[in-house]
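Numbering follows our numbering, in which position 230 of the sequence shown is assigned residue number 235; successive positions increment by one, without gaps. These notes concern the structure reproduced below.
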Amino acid sequence: MNGRRKKSSGTPLLGKYELGRLLGRGTFAKVYLAHTVTGGEPVAVKVIDKAEVMGTEGMAPRVLQEVEAMRRLRHPGVLRLHEVLATRASIYLVMELAPRGDLQSRLAALPSHRFSEKAARRVFVQLTVALAHCHARGVTHRDLKPQNLLLDGAGNLKVSDFGLSALPDSFREDGRLHTACGTAAYAAPEVLRNKAYDGAKADAWSCGVTLFVLVAGRLPFDDANIPDMCRKACRRQYVVPPWVSPPTSRLLHRLLDPNPETRVAVEALAGTHPWFVKRSLSLDSHLEGLLDSQPERALAFRAPSVNAFDIISTSQWLDLSGMFGESRRSKEKRFVTTASPEQTLEQLGRAGRKLGYVVVVGKKGRECQRCPLGGLTISVEISELEPPLMLVEMRLEMDDGEVRVFSWDQLRVELGDGVLRAWDSSEDLQQV
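Shown next, in the form of structure tokens:
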């Protein structure tokens with residue numbers, strides 16, 4: 006699989022991408038090689054059939070979850086989501102191309118079905134760096150396995166497929182996740198036993214199984230009977246092949262710990278394992294190296310004429326609820342600012358005092374604020390775009406079911422040009 010361009014005979018997708026050959030298919034989606042119309046840059050386009058997704062229970066939330074998770078992440082070790090497009094029949098996820106395919110296919114092509122320890126080390130270090138970023142951004146993957154780990158043209162790892170991921174709002178009051186999901190052979194014992202679990206520690210177990218597969222060429226716990234496989238995992242009944250070095254065996258032992266309380270977290274590996282401390286290869290230094298080595302790729306899709314108004318017009322993909330029939334667009338407003346989150350919230354507070362409401366700091370700090378307005382609530386979320394731009398998203402919510410009229414335009418006037426760089430001007434008078 007590569008990104009070489011072949012002449013397309015079809016009409017460009019929404020005038021932006023020329024679809025090429027089929028790269029892969031699943032139950033509800035097909036992935037195509039594509040190129041941008043303007044510059045010819047190669048991308049992967051995942052085409053999702055709306056009717057199939059809507060007709061299958063639980064699939065629409067998975068699509069939304071995947072997009073929301075990828076929206077939060079911007080890291081060289083995570084497959085980049087460039088944008089989301091939609092028609093009445095399909096949803097198109099335009100993603101970074103990983104031309105060398107997935108690790109499972111690479112392993113299957115080898116006579117031994119395994120990597121050398123040097124190659125496994127490279128992959129594993131990149132995986133843990135990327136996963137640490139995911140966890141720091143509140144994203145738990147929950148389906149880590151070689152099939153979901155891709156390689157770019159330079160052989161660098163790209164974590165993909167966030168359809169089963171968990172976001173901060175997935176956690177209950179006990180701080181745990183309660184939905185068992187993922188691939189059984191890679192799932193932690195506590196997940197298989199339907200217990201509440203720490204998402205990051207469950208990901209660490211999956212990393213351990215993945216590492217075992219990379220160096221051994223087989224699964225550590227392989228049984229068609231899931232209860233029997235779970236019992237083996239709980240008893241640590243696996244055999245490390247003799248060619249695996251002692252440091253790697255010890256790392257596997259720490260990751261494949263059936264007790265999540267004592268299981269090592271991927272974030273704790275930096276500085277404690279030879280793979281990370283050798284040649285001063287710390288988690289931070291490796292991350293810096295990855296970031297420094299790919300600056301142009303991160304900027305490849307930054308249009309030369311992009312401005313705050315372009316961002317407003319394209320930022321609708323940040324909320325895909327309308328793609329599945331429940332449009333909340335009319336109850337939302339967005340604006341772009343170069344002010345800091347603190348300055349923006351301060352100005353919202355000043356505007357609120359004039360309009361009869363106050364800004365209240367919520368549990369999530371500056372990222373999510375709630376502004377009571379009588380029976381109405383304005384939820385505010387601030388997201389960082391390309392520096393120095395910040396995207397501010399506001400949503401109206403009703404508390405008492407009454408019909409009220411709210412003027413976004415009044416709020417816009419009170420905020421003033423000192424904060425606003427671009428304002429979404431649709432439906433400034435909102436009945437809720």
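From the three backbone atoms N, C-alpha and C, an ideal C-beta is built for every residue, glycine too.
- With a cutoff of 7 Å on beta-carbon distance, TYR191 and LYS150 are scored as near each other.
- Our two residues, ALA189 and ALA207, have alpha carbons roughly 12 Å apart in a direct line.
- Straight-line measurement puts the Cα of SER345 at about 18 Å from the Cα of LYS338.
- With 16 or more other Cβ atoms from the protein chains shown falling within 10 Å of its own Cβ, LYS55 counts as buried.
- Burial is judged here by how many other beta carbons sit within 10 angstroms of a residue's own beta carbon; GLY168 has at least 16 and is buried.
- Looking at ALA124, MET234 and SER211, the one whose alpha-carbon comes closest to that of ARG268 is SER211.
- By the neighbour-count criterion, in which a residue is buried when 16 or more other Cβ atoms sit within 10 angstroms of its Cβ, VAL99 is buried.
- Membership of THR253 in the alpha helix (DSSP H) is indicated by the continuous run 251 to 260.
- Annotation note: the region 84 to 124 contains the following uninterrupted alpha helix (DSSP H) runs of length 4 or greater, listed N- to C-terminal: 108 to 113.
- Check the Cα spacing between GLU71 and each of GLY60, ARG85 and THR61: the tightest is with ARG85.
- Per DSSP, the unbroken alpha helix (DSSP H) holding VAL214 starts and ends at 204 to 221.
- The continuous alpha helix (DSSP H) containing ALA56 extends over residues 55 to 59.
- Looking at the DSSP output, HIS140 bridges to nothing.
- Considering only THR184, THR43 and PRO116, the residue with the shortest C-alpha distance to GLY63 is THR184.
- Excluding sequence positions up to five before and after THR343, its CB lies within less than 8 Å of the CB of PRO393, LEU394, MET395 and ARG426, all in the same chain and listed in chain order.
- Between ARG119 and LEU257, the beta carbon gap of about 14 Å keeps them out of contact (Cβ cut-off 8 Å).
- According to the DSSP assignment, LYS237 belongs to no beta strand (DSSP E) but to the alpha helix (DSSP H) extending over 231 to 239.
- With a contact defined as Cβ atoms closer than 8 Å, ARG142 and LEU78 qualify at about 6 Å.
- Under DSSP, GLY354 forms no beta bridge with any residue.
- Here DSSP, grouped into helix, strand and coil, assigns VAL269 to coil.
- For ALA39, the enclosing beta strand (DSSP E) starts and ends at 34 to 41.
- Around the C-beta of VAL134, 16 or more other C-beta atoms lie within 10 Å, and the residue is accordingly described as buried.
- With fewer than 16 other Cβ atoms from the protein chains shown falling within 10 Å of its own Cβ, LEU19 counts as exposed.
- Under DSSP, PHE226 forms no beta bridge with any residue.
- Assigned with DSSP and collapsed to three states, TYR191 falls in helix.
- The DSSP-derived three-state label of PHE176 is coil.
- In this structure, DSSP gives LYS163 an extended state, which the three-state scheme calls strand.
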